[in-house]
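Q: I am attaching a structure below and will ask some questions about it afterwards.
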Amino acid sequence: MGRRNFLRSSAAFAGLGALAASLSPLREIGDYSSVDEFMQKYYKEMTPDDMSKVIKRIENEVQRQYGIRPHVRDLKPMDGVEFVYCLNLTRCIGCRKCVHACVAENNQSRNPEIQYIRVLKLPHGSMDIEKADHLYNPEAVPQKGFFYMPVQCQQCHNPPCVKVCPVHATWQEKDGITVIDYDWCIGCRYCEAACPYWARRFNFTKPEIPKERLNPNMAYLGNRPRKQGVMEKCHFCIQRTRVGRYPACLEVCPVGARKFGNILDPDSEVSYILREKRIFIQLKEEMGTNPRFFYYFEK
Amino acid sequence: MIHATRDYLTFLWRCARIAFVGDWRYYTWMGGLTVFSLLGLHAYCNQFVHGLIVTGMSDEVSWGVYIANFTFLVGVAAAAVMMVIPVYIYDNEELHDLVIFGELLAVAAIIMCLAFVTVDLGRPDRFWHLIPGIGQLNFPRSMLSWDVIVLNGYLLLNIHICGYLLYCRYQGRKPSKWFYIPFVFIAIVWAVSIHTVTAFLYVGLGGRPFWNSSIVGPRFLASAFSAGPAIIILALQVIRRVTRYHITDKALLTLRSIVQVSMIINVFLLINEIFKEFYSGNLHVASSKYLFLGLDGHHALVPWIWTAIVFNLISMFLLILPLSRSLRWLDVACVLCIVGIWIEKGMGLVIPGFIPTPLGALIEYTPSMNETLVCLGIWAFGLLCYTIFLRMSVPILQGTLSKANEHLPEPEAGVEHSPVPAPH
Ligand code: SF4
Ligand code: SF4
Chain A
1 MGRRNFLRSS AAFAGLGALA ASLSPLREIG DYSSVDEFMQ KYYKEMTPDD MSKVIKRIEN
61 EVQRQYGIRP HVRDLKPMDG VEFVYCLNLT RCIGCRKCVH ACVAENNQSR NPEIQYIRVL
121 KLPHGSMDIE KADHLYNPEA VPQKGFFYMP VQCQQCHNPP CVKVCPVHAT WQEKDGITVI
181 DYDWCIGCRY CEAACPYWAR RFNFTKPEIP KERLNPNMAY LGNRPRKQGV MEKCHFCIQR
241 TRVGRYPACL EVCPVGARKF GNILDPDSEV SYILREKRIF IQLKEEMGTN PRFFYYFEK
Chain B
1001 MIHATRDYLT FLWRCARIAF VGDWRYYTWM GGLTVFSLLG LHAYCNQFVH GLIVTGMSDE
1061 VSWGVYIANF TFLVGVAAAA VMMVIPVYIY DNEELHDLVI FGELLAVAAI IMCLAFVTVD
1121 LGRPDRFWHL IPGIGQLNFP RSMLSWDVIV LNGYLLLNIH ICGYLLYCRY QGRKPSKWFY
1181 IPFVFIAIVW AVSIHTVTAF LYVGLGGRPF WNSSIVGPRF LASAFSAGPA IIILALQVIR
1241 RVTRYHITDK ALLTLRSIVQ VSMIINVFLL INEIFKEFYS GNLHVASSKY LFLGLDGHHA
1301 LVPWIWTAIV FNLISMFLLI LPLSRSLRWL DVACVLCIVG IWIEKGMGLV IPGFIPTPLG
1361 ALIEYTPSMN ETLVCLGIWA FGLLCYTIFL RMSVPILQGT LSKANEHLPE PEAGVEHSPV
1421 PAPH
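Chains as they are written, first to last, in my numbering: chain A, 1 to 299; chain B, 1001 to 1424.
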């Protein structure tokens, strides 16, 4: 019996040792989460008081990590406003300036690289995006015989991404913007599979942004730095557009291909375009997603 | 009341104890599975810390082998009903006690399913957001929320049925019908639902033409009802070999006819799908082209899917031929069927849905080493659970672990081969 007991306890010890060794990578866990973040309520259930605490927590975290005190706001949609975007395909030259302005404005990870806008190069006469070239890289753009189509979140009226999210972490706001609560998303990536426009991006690891590149003007549902393991995407620059400014991609466009505004205001530029231009396109119209993003052709 | 609780705790304690008792084969097998489980745990901890970047997944192919294995195992779990139906609806005596083994397999498979979903999450620490009441479960709109409910429900149902029947047997009393027959019937419907809901998870995505087809649901069921019972056929033979538990050939052959019919339906549906995809030749065929023929020089899945199809076909012919009435050939057919369906339902279904992306980019996917280790770990853990369940239930069904012998000394290593407890 003595020998048997001895064998038993050595087996138990070996087992515990092996278990500890298996768990050893957890030592590098770092600032994965915090008790406050773990316990945080759902966005729509937070009182203003809760929100100000959360904002304080985020500001502290950003300061600790980047050495800059950011200004984080919880901007609500404005009454009587519904945003739409119009993009003039005749003008777009495929320079990708919008892509990089977006990365800078919205604190996207530089390593690994995350970009919300994908510019497609298409041969004249075709709208079949299966023929699109994503990685074109010539000496100079535009190239003859091609046109360029930047694609980002289309802010659908019937967003499939919202429908599939198992925890309501993504939803459509009154002004038409589909937002994500980065602190509520569980990272299942179902929305990414559901989006017909490949607009969503996932943080496969901890995002890296150089300190000096951080944009300190932040919104909770907008460009505040994301954590590892959550989804993000274009949100029409909430931190700008909800205080009356234009999105970063529009401001940077050198040829004025991008138009943005309030469709509920009949005098806005976008209302004019959708009223007066004869040809405009909603991408993959047959999906029934009814995008708030319109492409049109015009000299 | 106190008495009943004490009895129940003794029962649990004795079950737990017996899981640690066995002969050298048992220890080797369990030791090996433990090693693999821990390797998987190690790989998972690594993923937990560094993020899903340690997998082969990307924004282009955002689900990989985790979800593939999940899908396959939901089918295995659902297939347990294919043993329940003959027993409770057609009063098939041959399979009566074996139902427990099928249901225990379902329990183990669901445990693996839940593990595969969990390791796929970017933020597993936030799983509580899924719990109704305290979280924000998007029910009934999100198919994933349906899946959470039906999988957990199925797990509870099966635990209840097996647990109750085994405990009654342990106590040597007749199970009261009201306590389990209604649940058995609920479980039959439920089993179909877990697999249908899982199919709807894919079918519901309008932006992915490869999945957005009504045949996916029926194909899921057909393939599950062939691979699941095939696994049970193999498992029963292992049980028969390593324990004294008596399982008749006739029972195995009953299961054979289930696999046979399901396999024929499965292959038939596959032909339907291939025809529809390729004959009409519309623009959305790109994913199928990628899967079956390769697209623009990308053909990572082509050898896999053809292996799967060849395996399925051979297995189907073997099953149709009287040859597979001999167990050796039946086993070959079962193995081919399981492997074929695992490829076809897992990688063959999940990955091509992402290739090309909705914007037409062709990015391929290969699972990483870390990812593979996590998968192996979960499979090992699932087998470990199943072995423990069997280790507990076989002696109960045989009567060597029962309330009647509660006061006799516990069996030690090797003794479980004797139908009566050895006198000390
Ligand atoms: S484009 Fe994609 S991410 Fe944006 S609202 Fe539509 S479905 Fe959602
Ligand atoms: S990844 Fe996040 S936002 Fe997307 S469906 Fe899952 S929980 Fe919802």
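The beta carbon of each residue, even a glycine, is placed where N, CA and C say it ideally should be.
Please read all numbers here as calculations on a predicted model, not as lab measurements.
(1) Tell me which residues share the same chain as T141 (chain A) and place their Cβ nearer than 6 Å to its Cβ, disregarding the 5 neighbours each side in the sequence.
(2) If you run the structure through DSSP and keep just helix, strand and coil, what is W1063 (chain B)?
(3) Taking the C-alpha atoms as reference points, what is the distance between G80 (chain A) and R242 (chain A)?
(4) State the DSSP-derived secondary structure class of N111 (chain A), mapped to helix, strand or coil.
(5) Which one or two residues does DSSP pair with F260 (chain A) in a beta bridge?
(6) Show which residues of chain A have a CB atom less than 8 Å away from the CB atom of W1063 (chain B).
(7) Taking 8 Å as the cut-off, decide whether the C-beta atoms of I1110 (chain B) and P1395 (chain B) are in contact.
(8) Looking at chain B, which residues of the stretch 114 to 131 of chain A have a Cβ within less than 7 Å of any of its Cβ atoms?
(9) Look at the alpha carbon of L1121 (chain B) and the alpha carbon of L1039 (chain B), and state the distance between them as a whole number of angstroms.
(10) Using a Cβ cut-off of 8 Å (strictly closer), state whether M228 (chain A) contacts chain B.
(11) Can you tell me whether T178 (chain A) sits near ligand 1, meaning its C-beta is under 7 Å from at least one heavy atom of the ligand?
(12) Would the stretch 188 to 204 of chain A and the stretch 157 to 169 of chain A be scored as touching if the rule is three or more Cβ pairs under 8 Å?
(13) Count the other CB atoms, across all protein chains shown, that sit within 10 Å of the CB of H124 (chain A); report buried if there are 16 or more and exposed otherwise.
(14) Considering only their Cβ atoms, is the gap separating R226 (chain A) from P207 (chain A) smaller than 8 Å?
(15) Say the cut is 7 Å; is the CB of C102 (chain A) nearer than that to a heavy atom of ligand 2?
(16) Compile a chain-ordered list of the residues in the stretch 1040 to 1051 of chain B whose CB is closer than 8 Å to at least one CB of chain A.
(17) How big is the Cα-Cα spacing for L948 (chain B) and H1195 (chain B)?
(18) Given a limit of 8 Å on CB to CB distance, which residues of the stretch 1128 to 1154 of chain B reach chain A?
(19) Could you please go through the chain and list the residues whose beta-carbon is closer than 6 Å to any non-hydrogen atom of ligand 1?
(20) Residues of chain B with CB under 8 Å from M46 (chain A), in chain order?
(21) Please name the residue, chosen from A:K97, A:S268, A:A104 and A:L87, that lies closest to M149 (chain A) on a Cα-to-Cα basis.
(22) Answer yes if the stretch 143 to 157 of chain A comes into contact with the stretch 1162 to 1173 of chain B, meaning at least three C-beta pairs across the two stretches below 8 Å, and no otherwise.
(23) Taking only three categories from DSSP, how would you classify Q143 (chain A)?
(24) A18 (chain A) touches chain B at which residues, Cβ-Cβ below 9 Å?
(25) Answer with yes or no whether the minimum CB distance from G1207 (chain B) to chain A is below 8 Å.
(26) Does the beta carbon of M127 (chain A) fall short of 7 Å from some heavy atom of ligand 2?
(27) Which whole runs of the alpha helix (DSSP H) in the stretch 1241 to 1306 of chain B are 4 residues long or more, in chain order?
(28) Given a limit of 7 Å on CB to CB distance, which residues of the stretch 1353 to 1380 of chain B reach chain A?
(29) How is the beta strand (DSSP E) around F295 (chain A) delimited, first residue to last?
(30) Under 8 Å, Cβ to Cβ, is there at least one residue of chain A near R1123 (chain B)?
(31) In the DSSP assignment, find the alpha helix (DSSP H) that holds H100 (chain A) and state where it starts and stops.
(32) With a threshold of 7 Å, establish whether the CB of R1141 (chain B) neighbours any heavy atom of ligand 2.
(33) Using beta carbons (cut-off 8 Å, strictly below), is I1018 (chain B) in contact with chain A?
(34) In whole angstroms, what separates the C-alpha of M1083 (chain B) from that of F202 (chain A)?
(35) Contact criterion: CB-CB distance below 8 Å. Does P303 (chain A) meet it with respect to chain B?
(36) Between which two residues does the alpha helix (DSSP H) harbouring H71 (chain A) extend?
A: In this structure, then:
(1) Here the sequence assigns Val to residue 141 (chain A), which means Thr is not the residue at that position. Answer for V141 (chain A): I93, G94 and C95, listed in chain order.
(2) coil
(3) 12 Å
(4) coil
(5) A:Y85
(6) R189 and A193
(7) no
(8) R118, L120, D128, I129, E130 and K131
(9) 19 Å
(10) It should be noted that the sequence gives Gln, not Met, for residue 228 (chain A). Cβ-Cβ to chain B under 8 Å: yes for Q228 (chain A).
(11) yes
(12) yes
(13) exposed
(14) yes
(15) no
(16) L1041, H1042, C1045, N1046, F1048, V1049, H1050 and G1051
(17) Residue 948 (chain B) is absent from the model: chain B starts at 1001 and stops at 1424.
(18) H1129, L1130, G1135, Q1136, L1137, N1138, R1141, S1142, M1143, L1144, S1145 and V1148
(19) A:C153, A:Q154, A:Q155, A:C156, A:P159, A:P160, A:C161, A:T178, A:C195, A:Y197, A:A199, A:R200, A:K233 and A:T289
(20) Here the premise fails: no neighbours, minimum Cβ distance about 12 Å.
(21) A:L87
(22) no
(23) coil
(24) T1034, V1035 and L1038
(25) yes
(26) no
(27) 1249 to 1280 and 1286 to 1292
(28) P1356, T1357, P1358, L1359, G1360 and A1361
(29) First, the amino acid is wrong: residue 295 (chain A) is Tyr here, not Phe. It spans F293 to Y296 - the beta strand (DSSP E) in which Y295 (chain A) sits, taken as one unbroken run.
(30) yes
(31) K97 to E105
(32) no
(33) no
(34) 42 Å
(35) With chain A covering 1 to 299 only, the question about residue 303 (chain A) has no answer from this structure.
(36) Element bounds for H71 (chain A): not the alpha helix (DSSP H) but the beta strand (DSSP E), H71 to R73.
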